[in-house]
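*Asks:*
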Amino acid sequence: MQQTAKASFPKWALLAGILPALFLQVALGLIPSVMTFILSFTDISGVKGVPWKFIGLANYREFFFQQSTRDLLAVLKNTVVFCIGVTFFQNLIALFIALALNSKLIKGKGFFRSVIFLPVVLGVLVTSYIWMNTLNPMEGPIAKLIGLFGLQSGFFASASSALACCIFTQIWWAMGYSMVINLAGLQSIPSELYEAGEIDGTSSWQKFKYITFPLLWPTINVNIMLAIIGSLQSYQIILFTTGGRNMATQTLAARVVFFAFNINSGSGAGAMRQGYGATWAMILFVFILIATLIYQRAVKRREEML
Amino acid sequence: MKRHIPLKILIYTFIAILMIVYMFPLFYAFNTSIRTKLDYMANPSGLAKSIHFENYVEAFKKANLSAYVGNSLFYTAVCTTASILMAVFLAFPLSRGYLKIGGLIMGLFLISMFLPDGTIPQFQILLHLGLYDTRLGYMIGMIGGGGTPLLMFYVYIKGIPRDFDEAASIDGCGYFRYMFTIMIPLMKPAIASMAIITAIGIWNDIIRAIIYLSNKKLYPITRGLYVFRGQYQVDMTQQMAALIMVAAPLIIMYVFLQRYIIDGVVAGGIKA
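Sequence order for the protein chains is A and B. The first sequence finishes on residue 604 if you use this note's numbering, and the numbering steps up by one all the way, no holes. The second sequence finishes on residue 293 if you use this note's numbering, and the numbering steps up by one all the way, no holes.
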């Protein structure tokens with residue numbers, strides 16, 4: 299990283315200042331992360347005093363062979379669809395939003411930016427309830443609107459549309475982050491490049507293709523990575539809109555809390571299967587690893603082609 | 022300029038659609054909250070015929086918001102202050118390169134993003150320490166010196182000349198006194214931005230509140246809103262009234278502080 303500079307202050311004081319943060323990071327960050335792996339080989343519950351033991355690979359055997367294959371495949375499919383759906387649409391729309399709000403032709407940018415960022419401030423629970431209300435299948439405003447075109451939907455309540463609604467709500471909530479990061483990336487592109495382009499008589503499309511997009515690409519890349527990891531780990535919107543029982547929206551991350559903490563699952567605290575939950579968390583971890591590797595590989599190949 | 026007009030119309034149309042998608046649900050939530058239950062049931066998508074605040078009174082009692090708002094303020098104040106202080110005291114020696122193990126410590130904080138999720142073991146640790154269903158147990162997992170504040174302070178401190186450190190130490194000013202009287206005031210813009218972002222995250226926490234707290238006396242405000250959970254059988258008018266009461270302070274705060282908030286996210290995102 300960097301060379302050690304001569305400290306103006308005694309070392310013990312500097313270390314004493316670091317200690318609280320370091321202790322918490324190790325005790326409640328690093329150690330739990332490693333322990334997830336260990337607990338995945340146990341049948342530990344979420345209740346103190348209940349005896350528990352190491353059960354070898356039994357949790358993994360249950361994951362792969364003893365649960366309903368249909369449920370497992372549904373969860374894996376939902377995880378992939380949720381991840382790709384969120385990552386693709388969030389980044390595509392965020393790119394358009396950032397371009398629009400960076401345009402010289404537009405007034406009131408600050409206001410528009412603030413409105414789109416607002417859901418981040420409101421949080422997941424408020425966001426979930428707002429959309430449950432708006433997407434009320436029984437004559438809610440959107441139900442009425444699509445009714446004009448002869449369509450109808452159960453939205454969060456129907457197996458065929460629930461996951462799409464979760465993806466939409468997730469994007470609506472997290473869009474602000476992607477937008478703001480893109481805007482910062484756009485503003486760091488030197489205006490001289492555009493001025494030079496103007497002298498050469500480039501069209502708007504050419505400017506986008508040869509200046510904006512290539513220079514914004516590193517930012518978009520960060521955004522995509524954040525969206526892939528974020529959407530795979532995210533379960534709050536799913537939990538608060540469709541609950542833990544609806545298999546149509548269950549993802550790996552949602553299953554972790556379903557087994558480990560019984561949130562919305564309807565069963566009592568005694569059923570908290572934290573060892574098995576840890577197994578799901580480990581599989582999710584591997585899943586994230588594979589997803590990011592596939593993405594990185596695809597990006598590299600694309601960059602080599604250009 | 023003439024050739025820009027179609028593009029301008031296109032962009033404004035796009036923004037107009039976005040504004041509807043972002044503002045309509047909020048407006049509709051407010052509209053629902055001021056209607057009587059009967060009025061709502063008769064036509065959920067209609068406009069409120071007259072303004073009723075009964076839902077607010079009912080929801081305020083049902084969600085027990087008066088009791089929980091104090092808890093939320095307490096949790097947010099304590100966790101934010103502790104986290105920001107930790108991040109400052111962590112970022113300073115690392116950014117200055119005063120410690121040999123600085124790189125190792127920074128790595129320790131950065132690597133946690135790439136490790137398996139530790140929610141379950143963290144629960145086990147706090148459970149076995151007897152911290153389940155306590156204020157401390159709920160808060161301690163939300164306190165930390167890492168993440169975006171660490172990265173932002175790390176960069177920000179590099180912009181503050183080292184001469185200050187040397188001058189202070191030559192004048193016999195101790196480390197902690199120096200940090201509190203000189204460094205922290207110099208870092209005000211960065212600290213303001215990070216404190217607000219941290220505070221929003223803690224105020225909006227609901228998962229930890231569900232996992233760690235069963236005693237109603239300890240609930241934060243979000244846990245009050247969560248009593249309205251369920252699919253569609255809940256009373257939407259009351260739920261939306263509770264939602265507006267939880268969201269209103271956030272929206273008001275946001276109107277005044279949005280510049281700091283968005284700047285903070287930019288800083289975090291760029292270095293992520």
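Using N, Cα and C, we set each Cβ at its ideal position, and we do this for glycine too.
#1: Thinking C-alpha only, which one of B/L106, B/I218, B/A188 is nearest B/D284?
#2: Beta-carbon of A/G499 versus every beta-carbon of chain B: anything under 8 Å?
#3: For a test of the three-state rule: what should DSSP assign to A/F557, helix, strand or coil?
#4: Below 8 Å on the Cβ atoms is my contact criterion, and I expect A/P417 with A/W470 to pass it. Report the Cβ-Cβ distance as a whole number of Å.
#5: List, in order along the chain, the chain A residues whose C-beta lies closer than 7 Å to that of B/Y77?
#6: Check the Cβ-Cβ distances between A/K507 and every residue of chain B, and say whether any is below 8 Å.
#7: In whole angstroms, give me the CA-to-CA distance for A/Q468 and A/T425.
#8: Anyone know if the C-beta pair for B/M49 and A/P439 falls short of 8 Å?
#9: Does A/V384 get closer than 8 Å to chain B when you measure Cβ to Cβ?
#10: Here's a check: name, in chain order, each residue in its chain whose Cβ is nearer than 6 Å to the Cβ of A/N521, leaving out the five neighbours to either side.
#11: Indicate whether at least one CB of chain A lies closer than 8 Å to the CB of B/Q252.
#12: Do A/Q323 and B/F130 have their CB atoms nearer than 8 Å?
#13: From the DSSP output, which residues share a beta bridge with A/T340?
#14: Between A/L550 and A/V373, how many whole angstroms is the CB-CB distance? I'm expecting something under 8 Å.
#15: By Cβ distance below 6 Å, which residues in the same chain neighbour B/Y77 in space, the five residues on each side in sequence not counted?
#16: With 8 Å set as the bound, which would you pick, yes or no: does the beta-carbon of A/V478 sit closer than that to a beta-carbon of chain B?
#17: By how many angstroms is the C-alpha of B/R250 removed from the C-alpha of B/Q259?
#18: State the beta-bridge partners of A/R595 as determined by DSSP.
#19: Residue range of the alpha helix (DSSP H) that B/R9 falls in?
#20: Please work out which residues of its chain come closer than 8 Å, Cβ to Cβ, to B/L147, disregarding the five sequence neighbours upstream and downstream, and give them in chain order.
#21: Please determine, among A/I588, A/I581, A/R571, the residue with the shortest C-alpha to C-alpha distance to A/W350.
#22: Our contact map puts B/I178 next to B/F74 with C-beta atoms below 8 Å; I'd like the distance itself, whole angstroms only.
#23: What's the C-alpha gap between A/Y492 and A/L403?
#24: Give a yes or no on contact between the region 330 to 342 of chain A and the region 135 to 145 of chain B, applying the rule of three or more CB pairs nearer than 8 Å.
#25: Quick one, which residues of the region 405 to 416 of chain A are near chain B if we go by CB-CB under 8 Å, in chain order?
#26: Using 8 Å as the Cβ pair cut-off and three pairs as the minimum, do the region 373 to 383 of chain A and the region 434 to 450 of chain A touch?
#27: Could you say which of A/I391, A/S532, A/L481, A/L326 lies nearest to A/S401 if we only look at CA atoms?
#28: Using 8 Å as the threshold, is the region 578 to 589 of chain A in touch with the region 332 to 342 of chain A, meaning 3 or more CB pairs across them?
#29: How long is the line joining the alpha carbons of B/K292 and B/P170, rounded to whole angstroms?
#30: Can you list, in chain order, the residues of its chain with a C-beta nearer than 6 Å to that of A/A567? Leave out the 5 residues immediately preceding and following it.
#31: Tell me the DSSP secondary structure of A/R359 in three-state form.
#32: Rounded to a whole number of angstroms, what is the C-alpha to C-alpha distance between B/A18 and A/A319?
#33: Since I believe A/N376 is in contact with A/T547 (beta carbons under 8 Å), could you give me their beta-carbon distance rounded to a whole number of angstroms?
#34: Which same chain residues, not among the five before or five after B/C100, have their C-beta less than 7 Å away from its C-beta?
#35: Any idea what DSSP makes of B/R250, helix, strand or coil?
#36: Less than 8 Å between the beta carbons of A/F281 and A/C464, yes or no?
*Replies:* Let me lay it out:
#1: B/I218
#2: no
#3: helix
#4: 6 Å
#5: Correct list: empty, because the minimum Cβ distance to chain A is about 15 Å.
#6: no
#7: 9 Å
#8: Here residue 49 of chain B turns out to be Tyr, not Met, going by the sequence shown. Cβ atoms of B/Y49 and A/P439: closer than 8 Å.
#9: no
#10: N389, S476, I479
#11: With a pLDDT of only 47 at B/Q252, under the threshold of 50, the placement of this residue in the model should not be trusted; the figure read from the coordinates follows. It does: the Cβ of B/Q252 has a partner Cβ on chain A nearer than 8 Å.
#12: yes
#13: A/F352
#14: 6 Å
#15: A262
#16: yes
#17: 12 Å
#18: For A/R595, which the question treats as bridged, DSSP gives no partner whatsoever.
#19: Residue 9 of chain B lies beyond the stretch modelled for chain B, which goes from 22 to 293, so this question has no answer here.
#20: Y153, G158, I161, G162, Y233
#21: A/R571
#22: With 8 Å as the limit, B/I178 and B/F74 do not qualify as a contact, their Cβ atoms being about 50 Å apart.
#23: 15 Å
#24: yes
#25: F410, R411, S412, V413, I414, F415, L416
#26: no
#27: A/L481
#28: yes
#29: Confidence is the limiting factor: at B/K292 the pLDDT is only 47, short of 50, which leaves the residue's position unreliable, though a coordinate-based value still follows. Approximately 11 Å, taken between the alpha carbons.
#30: Because A/A567 carries a pLDDT of 49, less than 50, the predicted location of this residue cannot be relied on, and the following value inherits that uncertainty. So the list is empty, once near-sequence residues are dropped.
#31: helix
#32: Any question about residue 18 of chain B goes unanswered here, given that chain B covers just 22 to 293.
#33: 6 Å
#34: M160, M163, I164, I223
#35: coil
#36: It is not possible to answer for residue 281 of chain A, since the shown part of chain A is limited to 299 through 604.
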